[in-house]
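Participant: Handing you this structure, nothing more for now.
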Amino acid sequence: MAKRNRVISLFIFLAATPPVSRGAVMNRMIFETSSGDRYVGSSSATYELNIDDSVEIRIDEKSLLGDIRWSSSPALPGQSLLSRIQFLHQAVDAFVVTQEGLLGLKAAGVVLEAAKGSDAETDARKSFQLANSSFSDAAVSALSSLNESLDSDSELKASLEPALNEAVLGDYGQMADVLRRYLSEIDQKLGKKAENAQRLEVTLEAFITGGLRKQRIHLDGYDDIRTGEPVPFPRFQLALDERAKEEFAASEKLSESVNRILNGSFEKELKASIKKVETALRELARTVKTDVLEAELNDTLKTLVSVRDENLAPVISEVVAVRDLISGLDKLPPLSDETRLDALLSIAGAIAAKASQLQALANSGPERLAKLTNTLERLAREKPNLVNKKIQQTVLVAKDNLTRELAPLKASYTNLLEIAKAIGMTADVAAAADSVASRPRELGIGNSLDSRFDLQTIKDWQRNPGDEVSVSIRVSQKGTDDAKAASLAFGRQRFRLEALGAYLQSRAALLFVDSRTGKVPKQSFETVPGAAFHLRYGWKNQNWWNEWLAPGVGMSLAMLNFDSNKNFELGIAGSVTLIRDMFWVGYGRNLQAQADYFFVGINPIALGALYRQKAQ
Amino acid sequence: MASMLKNTLILPENDGPLAARLLAAAIADLDVVLMLVFGKDASVEQVVEWADQLCNKTRVSETYNVRRVVWIMNPAANEIQEILKPLLGAKEPVVAVLNFHDKVAGSFQDISKVNPLRLELEFAKGHKV
């Protein structure tokens, strides 16, 4: 219970520090799967998950605390206390481990003494030396770290060194006791000091991504996302699944686009659309006066930060959030003359990001500006030297204008999404997934931070090998609207789903078909959509095979058009795919036109997914 | 001396040959981490007392302790120097720790920097095999 209280009071106090530590990375989420694998996140590596797994997520509060990177400002009150507490928690553990090492050393010493002069002496000596080395490693590490901290923290030195010098003459257990007593004292101090401070909360989110779709996954205790009945992965399904249908539709669309790109009409349409949105955005930025507002917000931010007052942290958060909302509002990515697919996807990605910014501005801009107006008014009364009239006036005008211009803003957002979609990035799906509400948990309020998810119960999602699950954790200040702005630490771990053993997959792709023999005129790589069933095999933890080479062998079908006199031409071919069905090659027969054909293919959704993966 | 020294060999100050024999025997003893303390003023005496107490934590039995202290009040004696020079080199420390292989694992040059915590750290280094 004492430990719980300590953690609570500690976290309460931590919330009082300004949220200037974005980017701190946490690395101690532990994942245990139903198939017995265990992973520790977050790392840049992507782990493999069995496609039918359920996963337990364990979060160690103490380790999580250690991962939070606090403000580097030495002027912040309580800063040294915080680092002191983090260190002391670790030191207690280290001395307990050292005491265990000492007991091991003594036990090995007894065995050695008894074995002296006998045949067992050599083995006993080896064990004794091993125990000594192990003790030495633990003790040197614990003591060096303690001495360094005492040298760098004069207050800690004055409070602790006499007691530690006394305790070390006994054993390491006594040293751990001294540290525990001191921790308890400063916890009480912190608890009192932080009674009125905000608390910290933890947000845990998981997404599954496959093709160009992305969907939130239910995490026990963190959201209300509905789950379905458990559905095991169907290994041998002889019908086109949802993904194959999507791929077919995308290939069909791309087939049209390729023709439009080839005759130049696509680029013209795209440029015209983007120009229209650009004009609307420039007009919006001019009306809201974003350039003036951004400059004023930056000046205000500088002034507020320079004061180094922890009470101003919420105001700084508000200013940063508003500045991020309007920053670069009128700037769209330049549309290059490139018509290559990767260039188009790159432009589409940037446009989708701009659409997200507009959506956020439309959803929360007026409310945020209104709140900031009130905050600045209050601050101007309490600390007149910190806030000038100009920033107050600018924020007020921006709020009024933005409220008035909401309709054109939303139209610009819709236009951008349309453009992104036209190029092939269905970013609206991801945006919709992002908007599902999370239910953060407060740190240290008795309830565990642990959670779990079950891949088999993900609703409205057909799992496929190669789909990716990402689990992210964020620690932020409670009561701040923008969790990302107030983020104190963030961690993420990615997993790739794999079906082990043999399975049959339906896929679709854009095929470039070249006629080889027969009575019809020569076709030079005509673009058509095609579907196929491919047999694949997944090996446990063989990333090179499962993810990169990822071969499939099977049969493909395509609707062809070799002979203008025939209304229906079906092509059947043997096909081989590589890199998770991204690249296809095959040879087959047009049954109606009685002609052989060769084809190469590309799966646009797989390519888009790879691009997104690369861009993350 | 506030407390009795249970783990310390005090070498005779005025009998160089005897002191050297005792020191050589202590160094030759296997399975012992040895702390050598040099000098005889009040601060050295304090260090010896701390070192002796630090040895208590590694006592295995009535007859065997993994740690031991040797207090060399007169390190300048020729016979002592003959043993120490090959071990410690030209610059003699105020405290030195010899590991199981009789190599210097830790030392202090300045007696004012010594306290029980730091002394224990140097002792702990001596346990590394």
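From first to last, the protein sequence lines stand for chains W and F.
Quick note on our numbering: the first sequence kicks off at 1333 and runs consecutively.
Quick note on our numbering: the second sequence kicks off at 474 and runs consecutively.
Ideal placement from N, C-alpha and C gives every residue a C-beta, glycine not left out.
In this text the structure is predicted, and so the values were computed from the model without any measurement.
(1) Do the CB positions of P1797/W and A1831/W come within less than 7 Å of each other?
(2) Since S534/F meets chain W, which of its residues come closer than 9 Å, beta carbon to beta carbon?
(3) Under the rule that 16 or more other beta-carbon atoms within 10 Å means buried, what is P589/F, buried or exposed?
(4) Mind checking which residues open and close the alpha helix (DSSP H) that includes S1324/W?
(5) Measure the alpha-carbon distance for P1883/W versus R1795/W and round it to whole angstroms.
(6) Residues of chain F with CB under 7 Å from L1475/W, in chain order?
(7) Quick one, are the C-beta atoms of I1540/W and D1913/W less than 7 Å apart?
(8) Which residues, in chain order, does the region 512-544 of chain F contribute to contact with chain W at a C-beta distance below 9 Å?
(9) Give the secondary structure of N1922/W by DSSP, where H, G and I count as helix, E and B as strand, and everything else as coil.
(10) Quick check on this structure: which residue in E1858/W, A1905/W, W1876/W, F1857/W has the alpha carbon closest to the alpha carbon of A1864/W?
(11) In whole angstroms, give me the CA-to-CA distance for A1474/W and S1484/W.
(12) Just checking my contact of T1632/W with V1719/W at CB under 8 Å: how many whole Å lie between their CB atoms?
(13) Would a C-beta distance cut-off of 7 Å place L507/F and E593/F closer than the cut-off?
(14) Count the C-beta pairs between the region 509-528 of chain F and the region 1492-1502 of chain W that are closer than 8 Å, then say yes if the count reaches three, no if not.
(15) Kindly indicate if chain F contains any beta-carbon less than 7 Å away from that of Q1461/W.
(16) Which whole-angstrom value describes the C-beta separation of V1932/W and F1844/W, a residue pair presumed to lie in contact below a C-beta threshold of 8 Å?
(17) What residues from chain F crowd round L1496/W, counting only those whose CB sits closer than 7 Å?
(18) Consider the Cβ of H600/F: report whether some Cβ of chain W lies at a distance smaller than 7 Å.
(19) Look at F511/F and P485/F and say whether their C-beta atoms are less than 7 Å apart.
(20) Taking 7 Å as the threshold (C-beta atoms), are R1773/W and V1534/W in contact?
(21) Whose C-beta lies closer than 6 Å to the C-beta of D502/F among residues of the same chain, with five residues either side of it excluded?
(22) Measure the Cβ-Cβ separation of F1565/W and I1383/W and say whether it is below 7 Å.
(23) By how many angstroms is the C-alpha of L1536/W removed from the C-alpha of S580/F?
(24) Flag this pair as yes or no: are the beta carbons of S1838/W and A1576/W separated by less than 7 Å?
(25) Between the Cα of L1708/W and those of V1647/W, F1915/W, S1783/W, T1735/W, spot the shortest distance and give me the residue it belongs to.
(26) Below 8 Å on the Cβ atoms is my contact criterion, and I expect N1935/W with E1579/W to pass it. Report the Cβ-Cβ distance as a whole number of Å.
(27) Can you round the beta-carbon distance between A1495/W and G1433/W to whole angstroms, since I take them to be within the 8 Å contact cut?
(28) Return the CA-CA distance between S1476/W and D1451/W, expressed in angstroms with no decimal places.
(29) Within 7 Å of any Cβ in chain F, is that where the Cβ of L1483/W sits?
(30) Is D1503/W close to chain F? Criterion is C-beta to C-beta, closer than 7 Å.
(31) Pick helix, strand or coil for N588/F, following the three-state DSSP scheme.
(32) Residues of chain F with CB under 9 Å from K1438/W, in chain order?
(33) Below 6 Å CB to CB, which residues in the same chain sit around G1505/W once its five sequence neighbours on both sides are set aside?
(34) Give a yes or no on whether the minimum CB-CB distance between A1471/W and chain F is below 7 Å.
(35) Which residue comes first and which comes last in the beta strand (DSSP E) that contains D502/F?
(36) Over what stretch of residues does the beta strand (DSSP E) that includes P1861/W continue unbroken?
Facilitator: If we stick to the structure as given:
(1) yes
(2) G1441, V1442, E1445
(3) buried
(4) There is simply no residue 1324/W to check, as chain W begins at 1333 and stops at 1948 in what is shown.
(5) 19 Å
(6) L590, E593, L594, A597
(7) no
(8) W523, Q526, L527, N529, K530, T531, R532, V533, S534, T536, Y537, N538, V539
(9) strand
(10) A1905/W
(11) 16 Å
(12) 7 Å
(13) no
(14) yes
(15) yes
(16) 5 Å
(17) L590
(18) yes
(19) no
(20) yes
(21) none
(22) yes
(23) 50 Å
(24) yes
(25) V1647/W
(26) 6 Å
(27) A1495/W to G1433/W, Cβ: 22 Å. No contact.
(28) 39 Å
(29) One point to set straight first is that residue 1483/W is Asp, not Leu, in the sequence displayed. By this cut-off, D1483/W is not an interface position.
(30) yes
(31) coil
(32) K530, T531, R532, V533, V539
(33) Q1431
(34) yes
(35) From DSSP, D502/F is part of no beta strand (DSSP E); its letter is neither H nor E.
(36) 1858-1870
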